[in-house]
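In my numbering, the protein residues as written are 1368 to 1958.
Below is one structure, written out as structure tokens; the observations come after it.
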């Protein structure tokens, strides 16, 4: 069904939520009340014993301005008069159900040690066992329209921000609250922090988004203007349950609004309005969140903001004891006023990946992008398949069958000394579609060893999981998202129009507001940006740029970069190089 959203001036599609009765395991029915969880009790197999007594208020109703009531679980340390609160707003259920019982990091393929958790934790949310021990309340809220919370389920945007705003202000008024409210959580629980912080609720004091996209259109569903069709979102929504309607963002609204309009703009928070302290966490290897998280860090206006880029998959990092201790130092400083030296923490801490080798983790930096980066322009030479520092005098064409899932063109150079690539990368290409009015281009940058074998970074720690992933190698590739070889990019050429104000040579900003179809046989310049990265190429290793009409680099048939995603491609694609066609890779090199 459609709902007219007056502030957008659009009819937005909603559909019936998956019924609660279909949740397997079932979601627990509301049972309002307060129970005491005893110190030393064990609340899940393998979990650590609770380090303190915890008061759990279950299924507390939080009123919204629209008249709906959201249900929350509130965990508080016993016999502490007032405490700051850490809020998690979740679509995955605050307690029970599939995500908490079947997909938690201790039970999924990642094999995060169960001893890292108290058993009170919700999927992608802060663990009450840890935070209550250290003098915090944890409030986990079932998002509107999910579980037994009232209203309709909405996906990001202003409406979600308002709901979280109302919840924060209600929490601040409770007699146990100091009025200092922080937020933490991963993925969905991170992305909604941008939306509410931009609305500036008076009592939201600090945020800690762990890998959360900030522009759903550009980061994900229409990256480069190409519609993502992997079953990833279907898999998520089949395990989300509610009693009302849910916004049909991925399917019907994606079909209805293929260009960037007010619907998608509403899902991009006004990041410049975020002025409170922020501890932002990202990784280079995340196929969903990398670009949007780092961009949000850059655009928020807070004078007190920190970025840490780790080298694991998100669920491993957020549950790591060292990560929790680091975050506690941040929250202690801003939510409790503890003079603990947090502000001496480097503004940026990077992981420099070395696919096939040993990563550097936590390297201190003063800014992002790095002020000391040096731009290196590598020209593409279709005659030799080379990336070269020198001019390419002669014009040549590299061509491939755009409909052949095995066809691509590659350009490479062999490093004669160690090179660190850290920052944003861009391919400036002159392209031609011989037989079509549009082109869907996909690109990847990765390195090969001296024997021509592609080298991968694995975003997991468990030795058995690492061995399993390596065993899945096919045609020199490992499956994503657990493996990472380097940054990727994509572009629908009809979406090539740039915002002249926001674009730079290294970071073109596509407007996606119109289509400019090609005249068959015409050659046009395009900017195909790759997501930011930090990686080392050693002497003797080969740096490769691969371009095709289908996803290249690590692929995941069940998620993003589905190798069989539909495209507009037909016939031969041609990449023009040399002479007047200055096709090149702009590479950020750090001395």
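Note that beta-carbon positions come from the ideal geometry of N, C-alpha and C, so glycine has one too.
Asked, Found
"Which same chain residues, not among the five before or five after residue 1523, have their C-beta less than 7 Å away from its C-beta?", "1558, 1559, 1562, 1583 and 1634"
"Would DSSP call residue 1560 helix, strand or coil?", "helix"
"What residue does the alpha helix (DSSP H) around residue 1531 start on, and which one ends it?", "1524 to 1539"
"Which residues does DSSP list as the beta-bridge partners of residue 1795?", "1894 and 1951"
"Counting C-beta neighbours from all protein chains within 10 Å, is the total for residue 1430 16 or more, i.e. buried, or is it exposed?", "exposed"
"Have a look at 1625, 1611 and 1610 and flag the residue whose alpha-carbon is nearest the alpha-carbon of residue 1617.", "1625"
"If you draw a straight line from the alpha carbon of residue 1393 to that of residue 1685, how long is it in whole angstroms?", "26 Å"
"Here's the rule: buried if 16 or more other CB atoms are within 10 angstroms of the residue's CB, otherwise exposed. What is residue 1521?", "buried"
"Look at the Cβ atom of residue 1478, then the Cβ atom of residue 1956, and state whether they are nearer than 7 Å.", "no"
"Nearest by alpha-carbon distance to residue 1605: which of 1390, 1859 and 1882 is it?", "1390"
"Give the range of the alpha helix (DSSP H) segment to which residue 1663 is assigned.", "1657 to 1666"
"My output table needs one value for residue 1627: the three-state DSSP class, helix, strand or coil.", "coil"
"Once the 5 residues before and after residue 1688 are set aside, which same chain residues still bring their CB inside 7 Å of it?", "1483"
"Cβ of residue 1905 within 7 Å of Cβ of residue 1785?", "yes"
"Mind listing, in chain order, the continuous alpha helix (DSSP H) runs of no fewer than 4 residues lying wholly within the stretch 1678 to 1729?", "1681 to 1686 and 1688 to 1702"
"Does DSSP put residue 1884 in a helix, in a strand, or in coil?", "coil"
"Applying the criterion that 16 or more other CB atoms from any shown protein chain within 10 Å of the CB defines a buried residue, is residue 1458 buried or exposed?", "buried"
"Using CA coordinates, which residue listed in 1726, 1428, 1920 and 1419 is at the minimum distance from residue 1446?", "1419"
"Residue 1810 and residue 1912 look like a contact to me (Cβ under 8 Å); what is the Cβ gap, rounded to whole Å?", "7 Å"
"Output the boundary residues of the beta strand (DSSP E) element that contains residue 1382.", "1377 to 1383"
"Where residue 1670 and residue 1642 are concerned, what is the direct C-alpha to C-alpha distance, given to the nearest angstrom?", "7 Å"
"Could you work out which residue in 1545, 1731 and 1869 is closest to residue 1712 when comparing CA atoms only?", "1731"
"Return the first residue and the last residue of the beta strand (DSSP E) that residue 1402 is part of.", "1400 to 1404"
"Between residue 1892 and the rest of its own chain, which residues show a CB-CB distance below 6 Å, the 5 nearest in sequence each way excluded?", "1797"
"Name the residue from 1902, 1588 and 1465 whose alpha carbon lies nearest to the alpha carbon of residue 1724.", "1902"
"Cβ atoms of residue 1917 and residue 1930: under 7 Å apart, would you say?", "yes"
"Expressed to the nearest angstrom, what Euclidean distance is found between the alpha-carbon atoms of residue 1632 and residue 1638?", "12 Å"
"Whose C-beta lies closer than 6 Å to the C-beta of residue 1823 among residues of the same chain, with five residues either side of it excluded?", "1722, 1845, 1850 and 1852"
"Just how far apart, CA to CA, sit residue 1675 and residue 1573?", "16 Å"
"Under 7 Å between the Cβ atoms of residue 1695 and residue 1805?", "no"
"Are residue 1627 and residue 1879 touching if we call contact CB-CB under 7 Å?", "yes"
"Buried or exposed: where does residue 1772 fall if 16 or more other Cβ atoms within 10 Å of its Cβ makes it buried?", "exposed"
"Would you give the residue range spanned by the beta strand (DSSP E) that residue 1772 belongs to?", "From DSSP, residue 1772 is part of no beta strand (DSSP E); its letter is neither H nor E."
"Along the chain, where does the beta strand (DSSP E) containing residue 1807 start, and where does it finish?", "1807 to 1815"
"Are there three or more Cβ pairs, one per stretch, closer than 8 Å when the stretch 1697 to 1705 is compared with the stretch 1435 to 1446?", "no"
"Give the DSSP-derived three-state secondary structure of residue 1781 in the structure shown.", "strand"
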